[in-house]
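Order-wise, the sequence lines are chains G and U.
Note that the working numbering has the first sequence beginning at 203, numbered continuously upward.
Note that the working numbering has the second sequence beginning at 300, numbered continuously upward.
Think of the CB as a built atom: it goes at the ideal place given N, C-alpha and C, for glycine as much as any other residue.
On a predicted model such as this, the values are computed, not experimentally measured, just so you know.
See below for the structure under consideration.
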Amino acid sequence: MTTAMTSSTSASAVPAGVGPEIIVIDDVTKRFVVRKDNSLKERLVSFGRGRKHREDFWALKGVTAHIAAGTTVGLIGHNGSGKSTLLKVIGGILDPSSGTVSRRGRVAALLELGAGFHPDLTGRENVFLNASILGLSRQETEERFDDIVAFSGIAEFIDTQVKFYSSGMYVRLAFAVAVHTDPDILLVDEILAVGDEAFQRKCLDKIRSFQEQGRTIILVTHSSSQVTELCDWVILLDKGEVRYEGEPNAGVALLRENLEERRKAEGDHSDAVMGRGAILGTRVFPAGGAPGDPVVPGSDLVVEVDFEHYDGMDEWIAAIQIDNTAGQAVYGTNTKRVAVDLEPLRAPRTVRFLMKDVRFGTGQYFVNASLLDFASRHIADHPQAASFQVPYYEPAVGTLYAEPEIVDLGERAPVQAD
Amino acid sequence: MTNQNLTDSEMRDARFAALAEAPFVRAGSSAGRFGASVSALRDVLSQREMLGLLVRRDLKARYKDSALGFVWSLVRPLTQLVIYYVVIGRFLGAANGTPDFAVYVFTGLTVFTLFNEIVSGGTSSIVGNAGLIKKIYLPREIFPLASVGSALFNFLIQFTILVVFTIVIGKIPIHPGLVFLIPSFLLIVVMATAFGILLSALNVYLRDIQYLVEVGMMLLMWASPIVYPWSFVQKALGNGLLLDIYTDNPITLAVLGFQKAMWVSGEDLPSPEWLMPRILIAIVVGLVMLVGFQRVFARLQGNFAQEL
Numbered sequence: 203m204t205t206a207m208t209s210s211t212s213a214s215a216v217p218a219g220v221g222p223e224i225i226v227i228d229d230v231t232k233r234f235v236v237r238k239d240n241s242l243k244e245r246l247v248s249f250g251r252g253r254k255h256r257e258d259f260w261a262l263k264g265v266t267a268h269i270a271a272g273t274t275v276g277l278i279g280h281n282g283s284g285k286s287t288l289l290k291v292i293g294g295i296l297d298p299s300s301g302t303v304s305r306r307g308r309v310a311a312l313l314e315l316g317a318g319f320h321p322d323l324t325g326r327e328n329v330f331l332n333a334s335i336l337g338l339s340r341q342e343t344e345e346r347f348d349d350i351v352a353f354s355g356i357a358e359f360i361d362t363q364v365k366f367y368s369s370g371m372y373v374r375l376a377f378a379v380a381v382h383t384d385p386d387i388l389l390v391d392e393i394l395a396v397g398d399e400a401f402q403r404k405c406l407d408k409i410r411s412f413q414e415q416g417r418t419i420i421l422v423t424h425s426s427s428q429v430t431e432l433c434d435w436v437i438l439l440d441k442g443e444v445r446y447e448g449e450p451n452a453g454v455a456l457l458r459e460n461l462e463e464r465r466k467a468e469g470d471h472s473d474a475v476m477g478r479g480a481i482l483g484t485r486v487f488p489a490g491g492a493p494g495d496p497v498v499p500g501s502d503l504v505v506e507v508d509f510e511h512y513d514g515m516d517e518w519i520a521a522i523q524i525d526n527t528a529g530q531a532v533y534g535t536n537t538k539r540v541a542v543d544l545e546p547l548r549a550p551r552t553v554r555f556l557m558k559d560v561r562f563g564t565g566q567y568f569v570n571a572s573l574l575d576f577a578s579r580h581i582a583d584h585p586q587a588a589s590f591q592v593p594y595y596e597p598a599v600g601t602l603y604a605e606p607e608i609v610d611l612g613e614r615a616p617v618q619a620d
Numbered sequence: 300m301t302n303q304n305l306t307d308s309e310m311r312d313a314r315f316a317a318l319a320e321a322p323f324v325r326a327g328s329s330a331g332r333f334g335a336s337v338s339a340l341r342d343v344l345s346q347r348e349m350l351g352l353l354v355r356r357d358l359k360a361r362y363k364d365s366a367l368g369f370v371w372s373l374v375r376p377l378t379q380l381v382i383y384y385v386v387i388g389r390f391l392g393a394a395n396g397t398p399d400f401a402v403y404v405f406t407g408l409t410v411f412t413l414f415n416e417i418v419s420g421g422t423s424s425i426v427g428n429a430g431l432i433k434k435i436y437l438p439r440e441i442f443p444l445a446s447v448g449s450a451l452f453n454f455l456i457q458f459t460i461l462v463v464f465t466i467v468i469g470k471i472p473i474h475p476g477l478v479f480l481i482p483s484f485l486l487i488v489v490m491a492t493a494f495g496i497l498l499s500a501l502n503v504y505l506r507d508i509q510y511l512v513e514v515g516m517m518l519l520m521w522a523s524p525i526v527y528p529w530s531f532v533q534k535a536l537g538n539g540l541l542l543d544i545y546t547d548n549p550i551t552l553a554v555l556g557f558q559k560a561m562w563v564s565g566e567d568l569p570s571p572e573w574l575m576p577r578i579l580i581a582i583v584v585g586l587v588m589l590v591g592f593q594r595v596f597a598r599l600q601g602n603f604a605q606e607l
């Protein structure tokens, strides 16, 4: 409050439809000191050699970003990339070592559902406590109490101590409180995968109506499909630095590449026995065409993969999988399923997969190729080894191609009461 | 809610308009900035509703599943009273020359229990609420202050018993000494809160603090005239500097002040000179310490979430 900035200038520069700037992250750095001694005795003993018992770890290095109100931003990155740290810095839970985060509006941080629930208190008491922690006054909570209970769907247990709740009931109540707090900024860390499917759907619906209402959501998640589905902006972090900022699909693709590099880098040292194979090449094209030709619905698709194993394998499986840009598998097959007998893999061999009459929806698709042993353990993988395009089709979207025909059947006849 | 009848897009426009007006605020704590103590105080005051809820949570949770509930919070001081009255008072003879020794002991114990509960509860408050602090930003001073709240509640019960006790034995404390009641109470609360805030922060970095506090409390209890009369100390130390050092311990001052107020039978017995000015000076010192320790707390709290 003492450093309140007057920045009405930034609001005017924003295009129509997008809200004013709501969070400004300016060159934020976060250093953790990892200590190896924690008691007075240990600290006294190691006093002379102080530095030896501490280690610096840079969780964030010079992160800068501007977030406009009303956007849903995905923070992505692999484990340890600093995305949860960034979320905590935005939420004010951690102070940055240098740099500043400025924000405006009411913030609700959902880093853990039911943080602050006390096991010995009843559901009702916890609702009031939790709502107050998230910034509601007692009166506001009373007004919304019925909605909260209705949303959670556990009305009959509301006066039971929460230690007797199942874990599902616990998170449902916690989520119900959180979404009824009317925040301008909602910080969410990996918590959307809770409860049964019906409740998850309810949560996602709530998130969508939050988006409609112009609330800003910042989401940390490992689920690429959630990112491409919900977010309209992503920030990709790698080792505490912003690797990419922009449109979600490209960000997810980059993350995948990044993960693959890491996997390869790690794979080179370990797993030497299992990894003694390789995929030399992968080609995908419509039957009678060449790689790069568009795959029109109804044509036959050919995938050719070259396999090699350095020690030779008597029994092996060749497998392919086709993903859409969001990383969802839409098709997969292998030689074991089709019961094809393969000759032992002594020298490099090529396997041709022919898929007849494929009808993919509009978009780009990636082919992943794998070499497996007979227990289905992966010997070699080549994710996104090749790709193909399906031409734009105006009448429909999705990964499946089908010609739609729509008829208006007229006004519905009134239902006769018995 | 007034915005219930608005459509989503109207809500969005209203929200954007409100946000465009709102000033930017720096996220995180206010360490090292001008007026930090004032803004911290304002933060805490704006959250007083939650402070009340946290106090109620602590109190409710403490005896939730026990049959006797709050009665247990009385068993400990009453047991202490019996032990000190019988062993120290009768067996060791401290009660000789000290009229209504039971009232005397219970008055001292009530004051000291308040101090003990605020400081001990405060010390473990941040570590005890680690789950909350790591996940949600709140003004962190709330947690030691919640310990003050629940300690005050227990104090109130104990104090009520003390008053009832004096009425039962016919020594109702309505006399001039009663002016000492409020200053002594303020002194103990201010001092204990200051230390509670400081130690709660230090305990995050060095868990040994909570064990040190236990030991310290035992020492402090015997360093104040709670179970023995002040005149014994006067006799042993003489009227010199040592006695002044002993007396100017803020807990001793508060205990003596409380005894002046609540222990009618002791009116004519020896007590330190200038007691009221000493208490008032100690309150001022305590307030300065409270501000200073809050600054230390503010500086340390930035790293709470990662140290817990």
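Checklist line | Start and end residues, alpha helix (DSSP H) containing Y446 (chain G) | finding: Residue mapping note: residue 446 (chain G) aligns to position 244 of the first sequence, counting from 1. DSSP places Y446 (chain G) in no alpha helix (DSSP H) but in the uninterrupted beta strand (DSSP E) bounded by 443-448.
Check: Should A445 (chain U) and L344 (chain U) be called a contact, given that it needs their Cβ atoms to be closer than 8 Å?
Finding: Indexing the second sequence from 1 puts residue 445 (chain U) at position 146. Indexing the second sequence from 1 puts residue 344 (chain U) at position 45. No; because the gap between Cβ atoms is not below 8 Å, this pair is not in contact.
Item checked: Three-pair Cβ contact test at 8 Å for the stretch 371-391 of chain G versus the stretch 592-609 of chain G -> No, the stretch 371-391 of chain G is not in contact with the stretch 592-609 of chain G.
Item checked: Interface residues of chain G facing R598 (chain U) [CB-CB closer than 9 Å] -> The sequence position of residue 598 (chain U) within the second sequence is 299, counting from 1. By Cβ distance, chain G contributes nothing, its closest Cβ being about 10 Å from R598 (chain U), past 9 Å.
Item checked: At least 3 beta-carbon pairs within less than 8 Å: the stretch 309-317 of chain U vs the stretch 399-418 of chain G -> Three or more Cβ pairs closer than 8 Å define a contact, and the stretch 309-317 of chain U meets that threshold against the stretch 399-418 of chain G.
Check: Any Cβ of chain U within less than 8 Å of the Cβ of I295 (chain G)?
Finding: Reading the first sequence from its first residue, position 93 is the one you call residue 295 (chain G). It does: the Cβ of I295 (chain G) has a partner Cβ on chain U nearer than 8 Å.
Item checked: A360 (chain U) at chain G interface by Cβ criterion, 8 Å -> Walking along the second sequence from the start, residue 360 (chain U) turns up at place 61. So, interface residue.
Notebook entry, point to check: What residues in its chain sit with their C-beta under 6 Å from that of E447 (chain G), if we drop five residues either side in the sequence?
Noted result: Here residue 447 (chain G) is taken as the residue at index 245 of the first sequence, counted from 1. Non-local beta-carbon contacts of E447 (chain G) in its own chain, meaning distances under 6 Å to residues more than five positions away in sequence, involve I437 in chain order.
Checklist line | 7 Å Cβ cut-off: residues of chain G touching F494 (chain U) | finding: Reading the second sequence from its first residue, position 195 is the one you call residue 494 (chain U). Per Cβ cutoff of 7 Å: no residues; F494 (chain U) is ~18 Å from chain G at best.
Notebook entry, point to check: Of the residues U:P322, U:E440, U:Q558, which one's Cα is nearest the Cα of P398 (chain U)?
Noted result: Here residue 398 (chain U) corresponds to residue number 99 of the second sequence, with the count starting at 1. Distance check between P398 (chain U) and each of U:P322, U:E440, U:Q558 places U:Q558 closest, using alpha-carbon atoms only.
Check: Would the beta-carbon of L262 (chain G) fall within 8 Å of that of T302 (chain G)?
Finding: Within the first sequence, numbered from 1, the residue matching residue 262 (chain G) stands at position 60. Within the first sequence, numbered from 1, the residue matching residue 302 (chain G) stands at position 100. Not closer than 8 Å, so no.
Margin query: Can you confirm whether the stretch 289-305 of chain G touches the stretch 344-351 of chain G when touching is taken to mean that 3 or more C-beta pairs between the two stretches lie within less than 8 Å?
Written below: No: fewer than three Cβ pairs fall under 8 Å.
Margin query: Quick check: S499 (chain U) and G421 (chain U), are their CB atoms within less than 8 Å of each other?
Written below: Counting from 1 along the second sequence, the entry for residue 499 (chain U) is found at position 200. Counting from 1 along the second sequence, the entry for residue 421 (chain U) is found at position 122. Yes, the pair counts as a contact, with Cβ atoms nearer than the cut-off.
Margin query: I want to see whether chain G comes within less than 8 Å of F323 (chain U), judged by CB atoms only; does it?
Written below: As a first step, residue 323 (chain U) must be located in the second sequence, where it is residue number 24. Yes - at least one Cβ of chain G is within 8 Å of the one on F323 (chain U).
Notebook entry, point to check: Checking contacts by CB at 8 Å: is K559 (chain U) closer than that to chain G?
Noted result: On the second sequence, position 260 is the one that residue 559 (chain U) refers to. Output row for K559 (chain U): interface = no.
Next item on the list: Assign I382 (chain U) to one of two classes, buried (16 or more other C-beta atoms within 10 Å of its C-beta) or exposed (fewer than that).
Entry: Here residue 382 (chain U) refers to the residue found at position 83 when the second sequence is read from its first residue. Classification of I382 (chain U): exposed, given that the 10 Å Cβ count is below 16.
Notebook entry, point to check: Can you name the residues of chain G whose CB is closer than 7 Å to the CB of R347 (chain U)?
Noted result: Start at 1 with the first residue of the second sequence, and residue 347 (chain U) comes out as number 48. Within 7 Å Cβ-Cβ: nothing; R347 (chain U) doesn't reach chain G, min ~10 Å.
Margin query: For the ligand FMN, I want to know if G264 (chain G) counts as a neighbour, meaning its beta carbon is within less than 7 Å of at least one of the ligand's heavy atoms.
Written below: For the structure depicted, the ligand FMN is absent and the ligand set is empty, with no information on it obtainable.
Margin query: If I measure Cβ to Cβ from L607 (chain U) and keep anything under 8 Å in the same chain, skipping five residues before and after, which residues do I get?
Written below: Position 308 of the second sequence, counted from the start, is the residue given in the question as residue 607 (chain U). Answer for L607 (chain U): I425, V426, A429, I432, K433, V503, listed in chain order.
Next item on the list: Would you kindly report the start and end of the unbroken alpha helix (DSSP H) that includes E345 (chain G)?
Entry: Translated into positions along the first sequence, residue 345 (chain G) becomes position 143. Taken as a continuous stretch (DSSP letters only), the alpha helix (DSSP H) holding E345 (chain G) covers 340-354.
Check: Which word fits E440 (chain U), buried or exposed, when buried means at least 16 other C-beta atoms lie within 10 angstroms of its C-beta?
Finding: For the purposes of this step, residue 440 (chain U) is taken as the residue at position 141 of the second sequence. Result: buried.
Item checked: For M520 (chain U) and G370 (chain G), the rounded distance between their alpha carbons -> Mapped onto the first sequence, residue 370 (chain G) falls at position 168. Mapped onto the second sequence, residue 520 (chain U) falls at position 221. Rounded to the nearest angstrom, the gap between the Cα atoms of G370 (chain G) and M520 (chain U) is 48 Å.
Next item on the list: Note the first and the last residue of the continuous beta strand (DSSP E) segment covering W435 (chain G).
Entry: Position 233 of the first sequence, counted from the start, is the residue given in the question as residue 435 (chain G). DSSP places W435 (chain G) inside the beta strand (DSSP E), whose first and last residues are 435-440.
Margin query: Taking the alpha carbon of N602 (chain U) as the reference point, which residue from G:G264, G:N281, G:K290 has its own alpha carbon closest?
Written below: Reading the second sequence from its first residue, position 303 is the one you call residue 602 (chain U). Ranking G:G264, G:N281, G:K290 by Cα distance to N602 (chain U) puts G:K290 first.
Item checked: Bounding residues of the beta strand (DSSP E) (the contiguous stretch that carries L421 (chain G)) -> Along the first sequence, read from residue 1 onward, the residue named residue 421 (chain G) stands at position 219. Run containing L421 (chain G): 418-422, per the beta strand (DSSP E) assignment.
Note to self: At the 8 Å Cβ level, is D386 (chain G) part of the contact set with chain U, yes or no?
What the structure shows: Here residue 386 (chain G) refers to the residue found at position 184 when the first sequence is read from its first residue. Using beta-carbon distances, D386 (chain G) counts as an interface residue toward chain U, with a partner under 8 Å.
Notebook entry, point to check: Taking 8 Å as the CB-CB limit, is L432 (chain G) close to chain U?
Noted result: Taking the first sequence and counting its residues from 1, one reaches residue 432 (chain G) at position 230. No, because no Cβ of chain U sits closer than 8 Å to the Cβ of L432 (chain G).
Check: Can you list, in chain order, the stretches of the beta strand (DSSP E) that have 3 or more residues and sit fully within the stretch 533-566 of chain G?
Finding: Annotation note: the stretch 533-566 of chain G contains the following uninterrupted beta strand (DSSP E) runs of length 3 or greater, listed N- to C-terminal: 551-557.
Note to self: Please state the DSSP three-state secondary structure of Q605 (chain U).
What the structure shows: As a first step, residue 605 (chain U) is located in the second sequence; it is residue number 306 there, counting from the start. DSSP places Q605 (chain U) in helix when its eight states are reduced to three.
Checklist line | Contact under 8 Å by Cβ, Q624 (chain U) with F234 (chain G) | finding: No information on residue 624 (chain U) is available, as it lies outside the stretch 300 to 607 that chain U covers here.
Checklist line | Contact set between E314 (chain G) and chain U, taken where Cβ atoms lie within less than 7 Å | finding: Locating residue 314 (chain G) in the first sequence gives position 112, counting from the first residue. Those within 7 Å of E314 (chain G) in chain U are K434.
Check: Taking only beta-carbon atoms, is L318 (chain U) less than 8 Å away from chain G?
Finding: On the second sequence, position 19 is the one that residue 318 (chain U) refers to. Yes, its Cβ sits closer than 8 Å to a Cβ of chain G.
Notebook entry, point to check: Nearest CA to the CA of V507 (chain G): which residue from G:G500, G:G514, G:R485?
Noted result: Residue mapping note: residue 507 (chain G) aligns to position 305 of the first sequence, counting from 1. Ranking G:G500, G:G514, G:R485 by Cα distance to V507 (chain G) puts G:R485 first.
Margin query: If we define contact as Cβ-Cβ less than 8 Å, is H382 (chain G) a contact residue for chain U?
Written below: As a working note, residue 382 (chain G) is residue 180 in the first sequence. Output row for H382 (chain G): interface = no.
Note to self: Cβ closer than 8 Å: which chain U residues qualify as neighbours of A549 (chain G)?
What the structure shows: Indexing the first sequence from 1 puts residue 549 (chain G) at position 347. Here the premise fails: no neighbours, minimum Cβ distance about 55 Å.
Next item on the list: Give every residue of the same chain whose Cβ lies closer than 7 Å to the Cβ of R286 (chain G), excluding the five residues on either side of it in the sequence, and list them in chain order.
Entry: The residue given as residue 286 (chain G) occupies position 84 in the first sequence. It is Ser, not Arg, that sits at residue 286 (chain G) in the sequence shown. Excluding five sequence positions before and after S286 (chain G), the CB atoms of its chain that fall closer than 7 Å to its own CB belong to D391, V422, given in chain order.
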